[in-house]
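Heads up, the final residue of the sequence shown is numbered 440 in numbering that gives the first Met the number 0, and it's a clean run with no missing numbers.
Notes to accompany the following structure.
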Amino acid sequence: MSKHDIPNLMSADEAVKLIKSGDHVYIQGSTSIPETLVAAMTRRGHELRGVVLHSGFSVADREAPYCKPEYIDSFLVDTCFVSNNVRKWIAAGYGTTTPGFLGEVPRFFTDGSWGCDVALLNCSMPDENGYVSFGVSADLATSAARAAKLVIAQLNPHMPYSYGDPVIHVSELAAAVLVDDPLVEVPTPEPGPAETAIGNAIAEHIPDGATLQIGVGGIPNAVIRALSSHKHLGLHTEAMTDGVLPLIRAGVIDNSLKKVHPGKSVACLALGSRKLYELMDYNKEMIFKDVAYTNDPFIIGQNPKVMAINSCLEIDLTGQICADSIGTTIFSGIGGQHDFVYGASRSEGGRSFIAMTSTTSKGLGKIKPVLTPGAGVVTTRFQTNYVVTEHGIVDLHGKNLPERAKLLISIANPADREALDRAARERFGHIYNNTSYEQVK
Numbered sequence: 000m001s002k003h004d005i006p007n008l009m010s011a012d013e014a015v016k017l018i019k020s021g022d023h024v025y026i027q028g029s030t031s032i033p034e035t036l037v038a039a040m041t042r043r044g045h046e047l048r049g050v051v052l053h054s055g056f057s058v059a060d061r062e063a064p065y066c067k068p069e070y071i072d073s074f075l076v077d078t079c080f081v082s083n084n085v086r087k088w089i090a091a092g093y094g095t096t097t098p099g100f101l102g103e104v105p106r107f108f109t110d111g112s113w114g115c116d117v118a119l120l121n122c123s124m125p126d127e128n129g130y131v132s133f134g135v136s137a138d139l140a141t142s143a144a145r146a147a148k149l150v151i152a153q154l155n156p157h158m159p160y161s162y163g164d165p166v167i168h169v170s171e172l173a174a175a176v177l178v179d180d181p182l183v184e185v186p187t188p189e190p191g192p193a194e195t196a197i198g199n200a201i202a203e204h205i206p207d208g209a210t211l212q213i214g215v216g217g218i219p220n221a222v223i224r225a226l227s228s229h230k231h232l233g234l235h236t237e238a239m240t241d242g243v244l245p246l247i248r249a250g251v252i253d254n255s256l257k258k259v260h261p262g263k264s265v266a267c268l269a270l271g272s273r274k275l276y277e278l279m280d281y282n283k284e285m286i287f288k289d290v291a292y293t294n295d296p297f298i299i300g301q302n303p304k305v306m307a308i309n310s311c312l313e314i315d316l317t318g319q320i321c322a323d324s325i326g327t328t329i330f331s332g333i334g335g336q337h338d339f340v341y342g343a344s345r346s347e348g349g350r351s352f353i354a355m356t357s358t359t360s361k362g363l364g365k366i367k368p369v370l371t372p373g374a375g376v377v378t379t380r381f382q383t384n385y386v387v388t389e390h391g392i393v394d395l396h397g398k399n400l401p402e403r404a405k406l407l408i409s410i411a412n413p414a415d416r417e418a419l420d421r422a423a424r425e426r427f428g429h430i431y432n433n434t435s436y437e438q439v440k
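See the structure below:
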């Protein structure tokens, strides 16, 4: 389809004139923030008041331009995930976050929790039939576009055309803007010795034929590297990353034993390099779906041997997992951890892993007697399955509280174990003192 055939083609400054004071505006995320449209909207800040900006998980290479004191009355940030481009603004009290399991956030657009007057998208160029794709970000964008009164889209040659839910016909766009904006690229972290030990421990518990949900960072990449000799793995995940590319190319991930979309890798968003984006482009072996679908525990659980691998900020001695806040400060969001932990529990042969180094970058222990005051519980103690650090792997499923404490202390930072043991003795009393670690290993 020629650009001359695209209706409602205009400049970004003309397009954002459709946004009115008091509107609720969704801004697409992943690595595809529509920066040209966002910048144009921000330039209108002096004439707009009370525009509420909604978003999900995003990776940006700059702070959001609307997060400045002069726009305090123009734009209110209300996101379900505190991403790097708005984190300082929200921490300072100028924006906020709405908690929600990521798979249930699309409902916000339909039940009235979040309005959606305008959706700002970053899309591919049209195919021969006039459809554009949301590319690397189907997640919330699919539901937002359906709910929005108006959809304004950047048409971007750098955006891959992905199959599945994230498509819209150009005739449905209230405004289209041609841009030439390369997507943000997320480098593949090199696992260190601790991450490698964690990855190897998890890989030993992943059987052939498993369906993987795997995240971003050094630990997931260490797990992936340790899976090179596995067979017939499947991928049904939230985020598609560069880390899975070697397994896909080697045929280790062939999706042959999955029940949901067999033969296809399924995700709701992508975070990676140009190599990943190029592989996605018009690739029918990769399916991108609304996060309400990818993160539905009842859909996840239909696949065999679901292996959900997630991380956290801290864990207490009973197995309560904090993954979204540092004390009272929201650092990220609930994301899809709960969705996949629950989904894995519904899967035949499924397992979930909470993986972390035993200490923070400042040397503070992540396994604690109790969570830091104000810390939020993302995964409850009765859902926690395997917990992994560089010091080992333990299974909390079916273990009582003193047994859990013994197991978690065994994989804590060695320098913290004596203090943790004292705290456990004080908390659990006689039953703890008469439960040996050997009994519960």
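Beta carbons are placed, not taken as given, at the ideal position from N, Cα and C, and that holds for glycine.
Non-local C-beta neighbours of Q319 in its own chain, meaning closer than 7 Å and more than five positions away in sequence, comprise L370, V376, T379 and R380, ordered along the chain. When only Cα atoms are considered, L407 and Y162 end up about 43 Å apart.
Rounded to the nearest whole angstrom, the CA to CA distance from E389 to E402 is 20 Å. In the DSSP assignment, Y292 falls within the unbroken alpha helix (DSSP H) covering V290 to T293.
Linking G216 to L395 through their CA atoms gives a straight-line distance of about 24 Å.
Take G102, set aside five residues on each side of it, and the residues of its chain with a beta-carbon closer than 7 Å to its own are V290, A291, N294, D295, G335 and D338, in chain order. K405 sits in a helix when the DSSP states are folded into three classes. Three or more Cβ pairs closer than 8 Å define a contact, and the segment 14-21 falls short of that threshold against the segment 55-63. Runs of the beta strand (DSSP E) lying entirely within the segment 248-288 and spanning at least 3 residues, in chain order: 264-266, 268-270 and 285-287.
Listed as beta-bridge partners of H235 by DSSP are V265.
Cβ-Cβ separation between S357 and N412: approximately 4 Å, consistent with a contact (criterion under 8 Å). The beta carbons of A175 and L149 sit about 12 Å from each other, so the pair does not count as a contact at 8 Å.
The segment 314-333 and the segment 74-88 touch, with three or more beta-carbon pairs separated by less than 8 Å. I392 places its beta carbon less than 9 Å from that of A200.
Contact between the segment 239-257 and the segment 111-122 is absent, with fewer than three C-beta pairs closer than 8 Å. Secondary structure remark: continuous alpha helix (DSSP H) runs of at least 4 residues inside the segment 152-187: none found. In the assembly as shown, A152 is a buried residue. Its beta-carbon has 16 or more other beta-carbons within 10 Å.
Under the three-state reduction of DSSP, F330 is assigned to coil, being neither helix nor strand.
Within its own chain, the residues whose Cβ lies closer than 8 Å to the Cβ of P190, once the five positions on either side in sequence are excluded, are G198, G217, I218, N220, A221 and R224, listed in chain order.
Residue burial is scored here from C-beta neighbours: A91 has fewer than 16 other C-beta atoms within 10 angstroms and is therefore classed as exposed.
DSSP places I71 in the coil class of the three-state scheme, outside both helix and strand.
The beta-carbon separation of T240 and L270, rounded to 6 Å, stays under the 8 Å limit for a contact. At the C-beta level, G348 and K288 stay beyond 9 Å of one another.
The Cβ atoms of L312 and I325 sit closer than 9 Å to each other. In this structure, the CA atom of N302 is about 42 Å from the CA atom of P6.
Under the three-state reduction of DSSP, I410 is assigned to coil, being neither helix nor strand.
Using a 10 angstroms sphere on the CB of I430, the tally of other CB atoms stays under 16, which defines it as exposed. According to DSSP, V393 shares a beta bridge with V386. The distance from the Cβ of S264 to that of L234 is about 4 Å, consistent with a contact at the 8 Å cut-off. Collapsing the DSSP output to three states places R48 in coil. In the DSSP assignment, R145 falls within the unbroken alpha helix (DSSP H) covering A140 to A146. According to the DSSP assignment, V117 belongs to no alpha helix (DSSP H) but to the beta strand (DSSP E) extending over V117 to C122. The beta carbon of R424 sits closer than 7 Å to those of Y431 and N432, all from its chain and outside the five residues before and after it, given in chain order.
The Cβ-Cβ distance between G214 and I314 does not fall below 9 Å. The residues D180, in chain order, have a CB closer than 7 Å to that of E34 in the same chain once the five nearest residues on each side in sequence are set aside. Rounded to the nearest whole angstrom, the C-alpha separation of P245 and R48 is 48 Å.
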